[in-house]
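Chains A and B supply the protein sequences, listed in that same order.
Sequential numbering of the first sequence, starting at 216, is according to the working numbering.
Sequential numbering of the second sequence, starting at 7, is according to the working numbering.
Inspection log for the structure reproduced underneath, given as structure tokens.
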Amino acid sequence: MTLTLRKAGDWTPALVVFVLVIAAWQGTIAAFHIQQFLLPKPSDIVKTFWTDRHTLWPAGWYTFKEALGGFAIGSGLGMLAATLVGRFRTFGNAFMPVAIAANAVPIVAFAPIFGVWFNPLSPHSKMAIAAVLCFLPVMVNTMRGLQSASPRQVELMRSYAASDLEIWRRVRVPAALPFVFTALKVASVLAMIGAIVGEYFGGATTALGVLINSDAESFDFVPAWAGILLASMLGLALYFAVVAAERIVVRWAPPEAEPS
Amino acid sequence: MSEQQPVVEIRNVTKTFAHGNVTALQDIELDFHPREFVALIGPSGCGKSTLLRVIGDLVQPTSGTVTVNGKSARQARNDRDYGIVFQDSVLFEWRTVAKNIALPLEMLRWDKARRRDRVAEMMELVELKGFGDHYPWQLSGGMQQRASIARAFAFEPALLLMDEPFGALDEMTRERLNLELLSIWERLQSTVVFVTHSISEAVFLSTRVVVMSPRPGRIAGVVPIDLPSPRSAETREDPRFFELVTEVRELLRKRGEHLLPEEEPV
């Protein structure tokens, strides 16, 4: 009970700031007669968000599926790689420098090339970009998490004659979970960005990124902003889905220790 | 197995670290008998924690042998013949208190009903009744350590290894837990090997104090503790208690000289 109350209390300042920013935005445009192509009024954006719902929302869903696919593939491979790196030293030694170097590559710059590799009109090229963006943060954090069990905890398990596999299952994996969820939260937002940016370089006409891009090119800025609004909402939805999953899985965490 | 066969036999154990440059233990010879409460005391670096880990087969001796319950230390570990308690409670933060205590029982493949009964019994013994569904972070340090002791005793091992279990607790909590530990020990009749750097704690708890000296880690002397049993708060005021404390302190001073353990005057 008190937990719910405190949570509501935690949200209040953020909500106040949000409302103030929107109000200031709306007020500034009205007061200084700012041209609509520079910055449309929030009320107009919301209106278009509703009137265009038959084209906009399916486009959002299409792109969301790409992001979701990329998120699942990239995060899954990241966790798998972290597990392999943790279990086989030589694999880790060979793999880690390459992974870190790869992280320095601006992945978004690869978007046109991914388009060529996977057919630019298919959702697969966007999934690939989202997956690549998600992979490394998930891998690095999972690795740190798998190493986060204390030596004493491992010693205690050895005193129970636990095998390496049992220690992994009962100690290393649960100890890693908070780290994994921190990474998944980062990846959830990256996945949506990856999918949208991928679509800027071409994609199905029913995709949100393509829609935003073509609206902007034809100076149709209000629908473009409505598309951005939808993209943000979908990114947030994925983020909060991860947060909800974390609440269910990492039940033991003290409320203060919660990141984000 | 005869009643008087030692629970632990340590023969000629030497342990070196860092490619032989540091001798943590040298030619240790010790026997621990059933239902003994042995305190290992010595300054930092005397190898007392290492010796405990050698007994538990968590560290391999460079030479010499350790026999536990008439078997090799390795076999004894694989048979789960001992329980261990560390300075910090080493509770698994993702398990509730009850599930932490149940962990060794899960490892021993006890069925659920049997586990639940034993956990309830242990929580009552360490006065944690009603805290079974709490997570470790919701408990005080003293309560966490009690949970850790309950876990170690839960499967009634013949041998309990304790590595400065109360070292991180305040003096009042420590004295209360000392008494609780003794009452559990008297009830369960295990053999306890208790590492500490507190002279008064060693004398108060044990039936025998093994004094160790550092560099290389050796046995400086053994002091049998003939205080009346069961011990109580009054034991600490017994003149014999002070004589024994002095005896242990002098053994430490003779061998350790400037390397006395950090200990407030008793």
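Where is the CB? At the ideal position from N, CA and C, for every residue including glycine.
All values derive from a computational prediction rather than experimental measurement.
Let me confirm a value: B:Arg237 is counted as buried when at least 16 other C-beta atoms fall within 10 Å, else exposed. Which label applies?
Your numbering for residue 237 of chain B matches position 231 in the second sequence. Answer is buried; the Cβ neighbour count reaches 16.
Apart from the five residues on each side of it in sequence, which residues of its chain come closer than 7 Å, Cβ to Cβ, to B:Ser212?
In the second sequence, the residue the question calls residue 212 of chain B occupies position 206. Excluding positions up to five away in sequence, the list reads Phe43, Val44, Ala45, Phe200, Ile231.
Quick one: give me the first and last residue of the alpha helix (DSSP H) that B:Gly227 is part of.
Counted from its first residue, the second sequence places residue 227 of chain B at position 221. Looking at the DSSP string, B:Gly227 is not in any alpha helix (DSSP H); the run it does join, the beta strand (DSSP E), is 224-230.
At what residues does the beta strand (DSSP E) containing B:Thr73 begin and finish?
As a working mapping, residue 73 of chain B is identified with position 67 in the second sequence. Element bounds for B:Thr73: 69-74.
When the Cα atoms are used, what is the spatial distance from A:Ala343 to A:Ala317?
Your numbering for residue 343 of chain A matches position 128 in the first sequence. Your numbering for residue 317 of chain A matches position 102 in the first sequence. Their backbone Cα atoms lie some 15 Å apart in a straight line.
Can you confirm whether B:Met113, when its beta carbon is compared against all beta carbons of chain A, has any partner nearer than 8 Å?
Within the second sequence, the letter at position 107 stands for residue 113 of chain B. It does; some Cβ of chain A falls within 8 Å.
What is the DSSP secondary structure of B:Val37, reduced to helix, strand or coil?
Here residue 37 of chain B refers to the residue found at position 31 when the second sequence is read from its first residue. According to the sequence as given, residue 37 of chain B is Asp; it is not Val. Here B:Asp37 sits in strand by DSSP.
Indicate whether the contact test is met: 3 or more Cβ pairs, each with one atom in the segment 173-187 of chain B and one in the segment 101-109 of chain B, closer than 8 Å.
Segments in contact, no.
Measure the CB-CB distance between A:Ala422 and A:Glu414 and report whether it falls below 8 Å.
What you label residue 422 of chain A is simply residue 207 of the first sequence in a count that begins at 1. What you label residue 414 of chain A is simply residue 199 of the first sequence in a count that begins at 1. Yes.
B:Gly51, enclosing alpha helix (DSSP H) - first and last residue:
Translated into positions along the second sequence, residue 51 of chain B becomes position 45. Counted as a single uninterrupted DSSP element, the stretch harbouring B:Gly51 is not any alpha helix (DSSP H), since DSSP gives it neither H nor E.
Given that a residue counts as buried once 16 or more other Cβ atoms are within 10 Å of its Cβ, and exposed if not, what is B:Met128?
As a first step, residue 128 of chain B is located in the second sequence; it is residue number 122 there, counting from the start. Buried is the call here.
For B:Thr213, which three-state DSSP category applies?
Within the second sequence, numbered from 1, the residue matching residue 213 of chain B stands at position 207. Residue state for B:Thr213 is assigned as coil, using DSSP reduced to three classes.
Any idea what DSSP makes of B:Gln32, helix, strand or coil?
Here residue 32 of chain B corresponds to residue number 26 of the second sequence, with the count starting at 1. Looking at B:Gln32 - three-state DSSP - the assignment turns out to be strand.
Please report how far the alpha carbon of A:Leu371 lies from the alpha carbon of B:Asp94, in whole angstroms.
On the first sequence, residue 371 of chain A is found 156 positions in, with the first residue counted as 1. On the second sequence, residue 94 of chain B is found 88 positions in, with the first residue counted as 1. Whole-angstrom Cα-Cα distance: 12 Å.
For A:Val386, would you say it is in contact with chain B, using Cβ-to-Cβ distances shorter than 8 Å as the test?
The residue labelled residue 386 of chain A in the question sits at position 171 within the first sequence. Interface with chain B (8 Å Cβ-Cβ cutoff): A:Val386 is included.
Test: B:Ile90 CB closer than 8 Å to a CB of chain A:
In the second sequence, residue 90 of chain B corresponds to position 84, counting from 1. Answer yes: the Cβ-Cβ gap between B:Ile90 and chain A drops below 8 Å somewhere.
Which stretch, first to last residue, makes up the alpha helix (DSSP H) that contains B:Thr241?
Taking the second sequence and counting its residues from 1, one reaches residue 241 of chain B at position 235. Counting along the chain, B:Thr241 falls outside any alpha helix (DSSP H), and DSSP gives it neither H nor E.
Would you say the segment 384-404 of chain A touches the segment 239-247 of chain A, given that touching needs at least three Cβ pairs under 8 Å?
Of all C-beta pairs linking the segment 384-404 of chain A to the segment 239-247 of chain A, fewer than three are shorter than 8 Å, placing the two stretches out of contact.
What alpha helix (DSSP H) runs, 4 residues minimum, are completely inside the segment 315-348 of chain A?
List check, alpha helix (DSSP H) in window: 326-332.
Could you tell me whether the segment 354-371 of chain A touches the segment 449-462 of chain A, where touching means 3 or more Cβ pairs closer than 8 Å?
The segment 354-371 of chain A, when compared against the segment 449-462 of chain A, does not touch it at the 8 Å Cβ threshold.
Check the DSSP bridge columns for B:Gly89 and list the partner residues they point to.
Numbered from its first residue, the second sequence carries residue 89 of chain B at position 83. Per DSSP, the beta-bridge partners of B:Gly89 are B:Leu166.
Chain-order list of residues whose beta-carbon lies under 8 Å from that of A:Leu254 (same chain, five-residue window excluded)
Mapped onto the first sequence, residue 254 of chain A falls at position 39. Cβ within range, chain order: Trp240, Ile244.
Here's the rule: buried if 16 or more other CB atoms are within 10 angstroms of the residue's CB, otherwise exposed. What is A:Trp440?
By 1-based counting over the first sequence, the position of residue 440 of chain A is 225. A:Trp440 should be labelled buried.
Local conformation of A:Val404 per DSSP, three classes
Position 189 of the first sequence, counting from 1, holds the residue named residue 404 of chain A. Looking at A:Val404 - three-state DSSP - the assignment turns out to be helix.
Start-end ranges of the alpha helix (DSSP H) lying completely within the segment 396-441 of chain A, minimum 4 residues:
DSSP runs (the alpha helix (DSSP H)) wholly in the segment 396-441 of chain A: 423-432.
Where do the N-terminal and C-terminal ends of the beta strand (DSSP E) with B:Arg17 fall, by residue?
Your numbering for residue 17 of chain B matches position 11 in the second sequence. That run of the beta strand (DSSP E) goes 14-23.
DSSP three-state label for A:Lys262, please.
Mapped onto the first sequence, residue 262 of chain A falls at position 47. The three-state reading of DSSP puts A:Lys262 in helix, counting H, G and I together.
Under a three-way DSSP split, which group does B:Ser78 fall into?
As a first step, residue 78 of chain B is located in the second sequence; it is residue number 72 there, counting from the start. In the structure shown, B:Ser78 falls within a strand segment according to DSSP collapsed to helix, strand and coil.
Are the CB atoms of B:Asp169 and B:Ser55 nearer to each other than 8 Å?
By 1-based counting over the second sequence, the position of residue 169 of chain B is 163. By 1-based counting over the second sequence, the position of residue 55 of chain B is 49. Going by C-beta atoms, B:Asp169 is nearer than 8 Å to B:Ser55.
Exposure label - B:Met178; buried when at least 16 CB within 10 Å:
By one-based count along the second sequence, residue 178 of chain B stands at place 172. Exposed is the call here.
Starting from the beta carbon of B:Trp100, find every residue of chain A whose beta carbon is closer than 7 Å, and list them in chain order.
As a working mapping, residue 100 of chain B is identified with position 94 in the second sequence. Correct list: Pro389, Trp467.
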